[in-house]
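Numbering follows this note's numbering, in which position 396 of the sequence shown is assigned residue number 396; successive positions increment by one, without gaps.
Every residue gets a Cβ at the ideal spot worked out from N, C-alpha and C, and that includes glycine.
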Amino acid sequence: MPILDPIAFEGTLSLRDHSAPIRFDAGIDNEGGLMLSLGDIRPARAGTVFHPQGELLQPQVACSLTGRSADGWRFATDALYVTSWRRPPDDRVELEADAGLATFSRDAPPDHQDVRAWYVRKLGTFHGIERQTNLGRLVFTGHAERPSQAPSAIIALHAGTQEVPGWWDESERFLIHLSRVLSFASGVYVLPVYELSVRHGVKTLRVVRRSPSPAPYMPPFDMLFMNQIFATAVASYEERPDAVERLEPAIRWMTATVFYEESRLINAMSALESILARSDFPDLFMTPDAFRDLRGRVRRFLRAERAPSRMGGKADELNRRPFRDKVEDLLTSHAIVTSDLPVGWLRAVTDARNVIVHTGVAPDLSAPDARLLDHIVWAREVVTRIMLHAIGFSGQYQSWLHRSEYLSFPGCRPMAEIAAESTG
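Here it is, written out as structure tokens:
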């Protein structure tokens with residue numbers, strides 16, 4: 001069933017300085033995608049300008065389409081691309097088109113408060129969650145079965161009767177922050193398929209064309225237990241906004257679409273490298289000035305030993321701290337628990353990643369290091385714990401290192417064990 005049934009509009013199609021009147025139908029399908037059917041342009045010469053131009057596979061120039069319906073809806077897009085142009089013999093032009101972004105709007109009831117709501121895929125919570133924030137009432141809901149790419153959850157922020165100055169821009173920053181934390185929590189990157197908003201008496205549906213979202217992969221939280229991570233997402237907007245923003249590239253790596261299993265290890269290790277690169281840990285053993293004299297002596301020694309001349313170009317690498325050293329320092333400084341990982345896990349995942357980067361396939365190792373899945377789980381578990389620490393989380397999460405058992409954080413002890421102690 002469509003989210004918004006097709007509406008008949010009368011409007012104008014424009015390209016640069018040219019425009020033509022046109023009738024069209026537009027709506028939103030059950031997956032949150034734009035439905036658009038353009039009427040014919042008459043006479044045919046009025047539609048000639050909309051014939052797709054340019055070389056094959058080159059970007060087209062975007063058209064604008066605006067219109068109004070008889071019952072008060074307004075439609076607008078500046079990102080319309082003609083996908084089919086046909087001129088039948090009866091002096092008309094037939095068009096097909098799609099748009100990357102479009103808005104439907106109409107006047108809202110006069111007593112309707114301002115609100116911004118995101119409808120997102122692959123996210124859910126079994127229990128609806130509500131929080132009162134400095135920006136208004138925040139609601140997170142959605143667990144019903146939906147088609148694979150249909151919106152499955154709603155994150156809505158209601159301004160209340162007294163809207164604070166700058167609420168509109170601040171509400172968007174708040175929802176972006178929440179989406180980052182919830183992307184990490186759910187194992188798939190959370191973006192709005194469409195947005196519903198009411199602002200100053202105008203209701204707007206903003207539709208964005210999105211590529212298909214993959215299924216969640218090894219999420220540290222499931223829809224039964226979203227309460228604690230959602231509370232952390234809300235609190236961290238005030239307490240740790242910069243920390244969450246620094247995690248953005250790592251979150252994208254952890255939730256990126258993959259086409260073969262080796263990419264999952266590459267992505268997890270890239271997330272770890274991103275966290276290191278955006279941290280305060282030094283990349284060098286010595287400052288460049290302090291290292292300059294030592295580098296010169298190393299190069300002179302190599303020349304004296306008649307080593308290959310290109311070895312001198314590798315001297316700078318002596319001052320770069322190894323990846324494993326930086327990871328160990330970060331884990332130690334943040335007191336991240338790793339005692340439940342196998343001995344030598346860091347060397348194993350680093351070596352496996354390097355083999356994949358250079359050969360394209362996972363290394364053929366003897367047991368017990370033969371399984372690519374083990375390396376993926378180890379790397380993702382460590383990144384998960386680092387992220388939980390960074391956002392200030394305290395509570396239970398789902399550990400795939402322990403076969404999806406629930407652990408406490410930061411202690412990383414089984415929740416069943418803690419519960420047994422409390423009842424003993």
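First and last residue of the uninterrupted beta strand (DSSP E) at residue i
{"i": "M35", "result": "L34 to L38"}
{"i": "P21", "result": "H18 to I28"}
{"i": "D107", "result": "L101 to D107"}
{"i": "G312", "result": "No beta strand (DSSP E) holds G312; DSSP gives it neither H nor E."}
{"i": "Y119", "result": "V115 to V120"}
{"i": "A153", "result": "A153 to H158"}
{"i": "F140", "result": "G136 to G142"}
Enclosing alpha helix (DSSP H) for residue i [first to last residue]
{"i": "F301", "result": "P288 to A304"}
{"i": "Q132", "result": "Note, Q132: premise wrong, no alpha helix (DSSP H); beta strand (DSSP E) at T125 to T133."}
{"i": "A379", "result": "L372 to A390"}
{"i": "R74", "result": "No alpha helix (DSSP H) holds R74; the beta strand (DSSP E) holding it covers R74 to R86."}
{"i": "G47", "result": "A44 to G47"}
{"i": "V343", "result": "Careful: V343 lies outside any alpha helix (DSSP H) and carries neither H nor E."}
{"i": "F174", "result": "W167 to S186"}
{"i": "V327", "result": "F323 to S333"}
{"i": "M415", "result": "M415 to T423"}
{"i": "A215", "result": "First-last for A215: undefined, no H or E at that position."}
{"i": "Q53", "result": "Per DSSP, Q53 belongs to no alpha helix (DSSP H) and is neither H nor E."}
{"i": "V244", "result": "P241 to T255"}
{"i": "S274", "result": "E262 to A277"}
From the options, residue whose alpha carbon lies closest to that of residue i
{"i": "L157", "options": "R173, Q398, Q228 and A150", "result": "R173"}
{"i": "A153", "options": "Q228, R297 and S183", "result": "S183"}
{"i": "S213", "options": "W167, R240, V193 and W85", "result": "V193"}
{"i": "S14", "options": "S279, V49, G392 and A99", "result": "V49"}
{"i": "R347", "options": "S339, I336, S333 and V327", "result": "V327"}
{"i": "V377", "options": "F24, N267, A99 and A231", "result": "N267"}
{"i": "F393", "options": "I336, H402, G360 and W345", "result": "I336"}
{"i": "P151", "options": "H200, D71 and E31", "result": "E31"}
{"i": "H402", "options": "T338, V202 and G344", "result": "T338"}
{"i": "L95", "options": "C63, F75 and R199", "result": "C63"}
{"i": "V82", "options": "S236, G72 and Q60", "result": "Q60"}
{"i": "Y406", "options": "A233, G312, F75 and D222", "result": "D222"}
{"i": "S236", "options": "I176, L205, L34 and E195", "result": "I176"}
{"i": "E195", "options": "I3, P414, A416 and S404", "result": "I3"}
{"i": "Y260", "options": "L372, N227, D364 and I229", "result": "L372"}
{"i": "D91", "options": "V181, G47, W73 and G27", "result": "G47"}
{"i": "K122", "options": "L65, L80 and S186", "result": "S186"}
{"i": "L430", "options": "A99, R297 and T423", "result": "With the chain running from 1 to 424 in the structure shown, residue 430 is simply not present."}
{"i": "W168", "options": "R180, V115 and F285", "result": "V115"}
{"i": "V298", "options": "R278, S333, S270 and G313", "result": "G313"}
{"i": "L65", "options": "H127, P88, P89 and A26", "result": "A26"}
{"i": "D289", "options": "L330, N319 and R310", "result": "N319"}
{"i": "S197", "options": "L178, S179, S171 and L191", "result": "S171"}
{"i": "T384", "options": "V361, G67, C412 and R278", "result": "C412"}
Span separating the alpha-carbon of residue i from that of residue j
{"i": "I155", "j": "L224", "result": "17 Å"}
{"i": "R42", "j": "T133", "result": "54 Å"}
{"i": "D78", "j": "P52", "result": "16 Å"}
{"i": "V258", "j": "I22", "result": "42 Å"}
{"i": "P189", "j": "F9", "result": "It is worth fixing the name first, because residue 189 is Tyr in this sequence and not Pro. Near 34 Å, if we compare the C-alpha coordinates of F9 and Y189."}
{"i": "R106", "j": "W85", "result": "31 Å"}
{"i": "R426", "j": "R324", "result": "Within the shown structure, residues of the chain are numbered from 1 to 424, placing residue 426 beyond reach of any answer."}
{"i": "Q149", "j": "V343", "result": "41 Å"}
{"i": "A420", "j": "S408", "result": "13 Å"}
{"i": "L264", "j": "M254", "result": "Looking at the sequence provided, one finds Arg at residue 264 rather than Leu. Near 8 Å, if we compare the C-alpha coordinates of M254 and R264."}
{"i": "D40", "j": "D71", "result": "22 Å"}
{"i": "M432", "j": "S37", "result": "Summary: the structure shown does not reach residue 432, with the chain confined to residues 1 through 424, and so no result is reported for it."}
{"i": "A44", "j": "H18", "result": "14 Å"}
{"i": "P165", "j": "R240", "result": "22 Å"}
{"i": "Y119", "j": "L284", "result": "45 Å"}
{"i": "S333", "j": "T350", "result": "21 Å"}
{"i": "V202", "j": "A108", "result": "5 Å"}
{"i": "A117", "j": "V234", "result": "16 Å"}
{"i": "P363", "j": "A379", "result": "16 Å"}
{"i": "L330", "j": "H127", "result": "36 Å"}
Residue(s) in a DSSP beta bridge with residue i
{"i": "E10", "result": "R23 and R68"}
{"i": "L205", "result": "F104 and L196"}
{"i": "I3", "result": "Answer is none; I3 lacks a bridge partner."}
{"i": "Q398", "result": "Y406"}
{"i": "C63", "result": "L80"}
{"i": "A97", "result": "V82"}
{"i": "R320", "result": "L284"}
{"i": "L430", "result": "In this structure the chain extends from 1 to 424, so residue 430 is not present and cannot be described."}
Closer than 7 Å to chain C by CB, residue i
{"i": "L182", "result": "The chain labelled as chain C is not found in the depicted structure, where only one protein chain is given."}
>> Taking contact to mean 3 or more Cβ pairs, one atom from each stretch, closer than 8 Å, check whether the stretch 301-312 and the stretch 386-394 are in contact.
In response: no
> Are the stretch 212-222 and the stretch 391-400 in contact at 8 Å, needing three or more beta carbon pairs?
Replying inline: Because the criterion of three Cβ pairs below 8 Å is met, the stretch 212-222 and the stretch 391-400 touch.
> Are three or more beta carbon pairs between the stretch 235-244 and the stretch 196-211 nearer than 8 Å?
Replying inline: no
>> Taking 8 Å as the cut-off, does the stretch 268-275 touch the stretch 246-256 (at least 3 CB pairs, one atom from each stretch)?
In response: yes
> Counting Cβ pairs closer than 8 Å, one from the stretch 92-108 and one from the stretch 119-133, do we hit at least three?
Replying inline: no
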